[in-house]
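Numbering (the working numbering), first residue to last: 3 to 374. Note that the Cβ used here is the ideal one computed from N, Cα and C, for glycine as well.
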Amino acid sequence: MTIIAKGLAGVTVGETAISTVGKAGAGLTYRGYSIQDLARHATFEEVAYLLIYGKLPNVSELNAYQERLAKLRELPPPVCQVLETLPMSTHPMDVLRTGASMIGSLEPEGENGRGAAYVADRLIASMTSMLGYWHRYAHRRQRVDTQSDETTLAGHFLRLMNDAPPIETARRTLDTIFVLYAEHEFNASTFTGRVVTSTLADTYSAVVAAIGALRGPLHGGANEAAMELIASFETPQEAEKSIKHMLDARRLIMGFGHRVYKNGDPRSDIVKELARQLSYESGNTMYFEISESIENVIMREKGLFPNLDFYSATAYHLCGIPTVMFTPLFAVSRTSGWVAHVIEQRDDNSLIRPNADYTGPPAQEFVELQGR
Ligand code: ACO
Numbered sequence: 003m004t005i006i007a008k009g010l011a012g013v014t015v016g017e018t019a020i021s022t023v024g025k026a027g028a029g030l031t032y033r034g035y036s037i038q039d040l041a042r043h044a045t046f047e048e049v050a051y052l053l054i055y056g057k058l059p060n061v062s063e064l065n066a067y068q069e070r071l072a073k074l075r076e077l078p079p080p081v082c083q084v085l086e087t088l089p090m091s092t093h094p095m096d097v098l099r100t101g102a103s104m105i106g107s108l109e110p111e112g113e114n115g116r117g118a119a120y121v122a123d124r125l126i127a128s129m130t131s132m133l134g135y136w137h138r139y140a141h142r143r144q145r146v147d148t149q150s151d152e153t154t155l156a157g158h159f160l161r162l163m164n165d166a167p168p169i170e171t172a173r174r175t176l177d178t179i180f181v182l183y184a185e186h187e188f189n190a191s192t193f194t195g196r197v198v199t200s201t202l203a204d205t206y207s208a209v210v211a212a213i214g215a216l217r218g219p220l221h222g223g224a225n226e227a228a229m230e231l232i233a234s235f236e237t238p239q240e241a242e243k244s245i246k247h248m249l250d251a252r253r254l255i256m257g258f259g260h261r262v263y264k265n266g267d268p269r270s271d272i273v274k275e276l277a278r279q280l281s282y283e284s285g286n287t288m289y290f291e292i293s294e295s296i297e298n299v300i301m302r303e304k305g306l307f308p309n310l311d312f313y314s315a316t317a318y319h320l321c322g323i324p325t326v327m328f329t330p331l332f333a334v335s336r337t338s339g340w341v342a343h344v345i346e347q348r349d350d351n352s353l354i355r356p357n358a359d360y361t362g363p364p365a366q367e368f369v370e371l372q373g374r
């Protein structure tokens with residue numbers, strides 16, 4: 003009898019030199035660097051360079067990389083035109099999926115020397131512009147200039163969204179969250195990108211498919227769902243009571259649990275600290291207190307810990323970022339990891355095509371339709 007690994011849980015399907023997730027003694031590292039060190043000392047641009055180009059940049063490489071990304075932020079006019087046709091009710095994940103696909107048809111990989119690294123840089127740089135451009139057009143009918151003088155992508159996004167220079171604490175927080183979200187081994191969206199790549203498809207197709215996989219609440223969409231849950235309570239006491247009822251009813255609480263980490267997500271401690279600092283600095287501590295009360299009751303009742311998506315919701319919120327933008331920002335950052343995996347998959351490719359046990363009806367005789 004075949005042993006079926008539902009959801010591929012516990013199955014090792016390949017090798018990677020990009021990150022260690024849940025490895026004893028290593029926790030989470032990107033190319034050997036601990037997530038704690040990267041979150042404390044590196045910017046997202048350094049991390050994206052590390053993932054895509056395989057090493058940390060030196061000062062001149064970093065300056066050149068930041069300049070390159072800054073130039074690649076501008077959206078081609080046909081992309082702006084397409085984004086303008088998307089209604090205000092569109093989810094910004096659909097904005098990214100559409101915009102990334104459109105850039106892929108205007109600047110195909112393989113033409114004019116464009117390889118996977120170009121596609122990564124182009125998409126990372128322009129996705130924040132797509133979000134900002136669409137948001138301002140859909141909500142205020144403004145056509146914004148998608149170039150800005152901001153050095154970092156986090157600053158660029160905040161400036162486009164708010165039409166004002168970013169507040170430094172918010173910019174730094176978003177930059178650190180980008181670092182935390184950048185890469186995570188064979189998670190559902192990255193694996194989707196690797197499956198697409200294994201067919202020898204182009205990098206844009208892999209990223210567009212990965213965006214789709216990220217959207218669901220069991221994966222990237224959990225941060226948006228977590229925020230909606232937190233915001234539905236007015237006090238920590240109300241949260242505690244309700245969450246207990248939800249657990250008794252065997253409901254899933256988004257932002258908790260993890261397929262690989264079983265004793266805590268190392269990224270959660272970092273983002274929780276950011277959320278704590280922002281709440282106390284702003285004097286707006288209610289969501290943080292509600293979040294802690296949810297964390298405590300779920301730990302006590304189920305032994306489950308928050309994953310990165312739970313406290314990042316409160317942190318984003320305190321940076322003034324609209325809830326619908328949480329998952330798209332995950333996608334912007336994770337594009338660096340996705341494309342690192344596209345490159346790695348291509349280096350040692352084999353078509354990813356598993357088997358399934360058939361459970362349908364037995365062989366049946368086909369009876370042709372009469373009288374058509
Ligand atoms: N809320 C309530 N119960 C949970 C949760 C949760 N968030 N997560 C797991 N459980 C329970 C399950 O119901 C199951 O209980 P049972 O044994 O009584 O049936 C038990 O814990 C084990 O859970 P599994 O489903 O086996 O865990 P799995 O590894 O398949 O799932 C997953 C991991 C999908 C992340 C799950 O924990 C979940 O759905 N969490 C909520 C969604 C979420 O936060 N996703 C973000 C993931 S991290 C990221 O994308 C950055």
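Enclosing beta strand (DSSP E) for residue i [first to last residue]
i     : result
Leu30 : 29 to 32
Residue i versus residue j: straight-line alpha-carbon distance, rounded
i      : j      : result
Tyr289 : Glu275 : 14 Å
Ile245 : Ala66  : 49 Å
Ile5   : Asp350 : 27 Å
Arg138 : Lys304 : 42 Å
Gly257 : Glu185 : 17 Å
Gln372 : Gln366 : 18 Å
His260 : Gly24  : 10 Å
Ser284 : Met327 : 21 Å
Val198 : Ala208 : 5 Å
Ser281 : Leu320 : 7 Å
Asp151 : Asp359 : 56 Å
Arg173 : Asn357 : 46 Å
Arg70  : Leu53  : 16 Å
Arg432 : Arg75  : The structure shown does not extend to residue 432, since the chain is modelled only from 3 through 374, so no value can be given for it.
Pro167 : Gly322 : 13 Å
Tyr318 : Thr361 : 45 Å
Ala140 : Leu162 : 13 Å
Ser335 : Phe368 : 51 Å
His43  : Val49  : 10 Å
Thr316 : Thr175 : 11 Å
Leu353 : Thr201 : 6 Å
Ala277 : Phe180 : 14 Å
Met38  : Ser314 : Position check: residue 38 holds Gln in this sequence, whereas Met was assumed. Spanning the two alpha carbons is a distance of roughly 16 Å.
For residue i, the residue or residues it bridges with in DSSP
i      : result
Tyr35  : Tyr32
Pro308 : Phe258
Ser21  : Tyr32
Residue from the options with nearest C-alpha to residue i
i      : options                        : result
Met104 : Leu371, Ser91, Ala119, Ser128  : Ser128
Arg196 : Gly157, Asn309, Leu10, Gly16   : Gly16
Ile296 : Thr287, Asn286, Phe307         : Phe307
Asn225 : Ala241, Ala342, Phe332         : Phe332
Pro330 : Ala358, Ala212, Leu254, Pro356 : Ala212
Ala122 : Glu109, Gly134, Glu170         : Glu109
Tyr263 : Asn309, Ala251, Gly112, Gln279 : Asn309
Arg253 : Thr337, Leu231, Leu30          : Leu231
Ala203 : Thr148, Ala118, Arg173         : Ala118
Gln379 : Arg269, Trp340, Gly112, Val299 : With the chain represented from 3 up to 374, any question about residue 379 goes unanswered, as that position is not in the structure.
Gly21  : Thr100, Gln149, Asn164, Thr192 : Position check: residue 21 holds Ser in this sequence, whereas Gly was assumed. Among Thr100, Gln149, Asn164, Thr192, the Cα nearest to that of Ser21 is on Thr192.
Asn164 : Asn286, Ala50, Leu133, Asp311  : Leu133
Thr205 : Glu111, Gly29, Ile354, Ser36   : Glu111
Glu187 : Ile292, Pro89, His343          : His343
Leu64  : Thr45, Val81, Lys73, Pro80     : Thr45
Gly214 : Ser107, Ala102, Ser234, Trp136 : Ala102
Thr130 : Gln347, Thr337, Val341         : Thr337
Terminal residues of the alpha helix (DSSP H) in which residue i lies
i      : result
Gln83  : 79 to 87
Phe114 : The sequence shown places Asn at residue 114, rather than the Phe named in the question. Per DSSP, Asn114 belongs to no alpha helix (DSSP H) and is neither H nor E.
Arg143 : From DSSP, Arg143 is part of no alpha helix (DSSP H); its letter is neither H nor E.
Arg438 : Absent from the model: residue 438. The displayed extent of the chain is 3 to 374, so no value can be given.
Met90  : Per DSSP, Met90 belongs to no alpha helix (DSSP H) and is neither H nor E.
Phe180 : 170 to 183
Ser207 : 205 to 217
Glu152 : Where Glu152 is concerned, there is no enclosing alpha helix (DSSP H), given that its DSSP letter is neither H nor E.
Lys243 : 238 to 250
Leu10  : Here Leu10 belongs to no alpha helix (DSSP H), and DSSP marks it neither H nor E.
Lys73  : 61 to 73
Ser338 : 328 to 349
Tyr51  : 46 to 55
Ser191 : 190 to 200
Ala358 : Run containing Ala358: none; DSSP gives neither H nor E here.
Glu230 : 224 to 233
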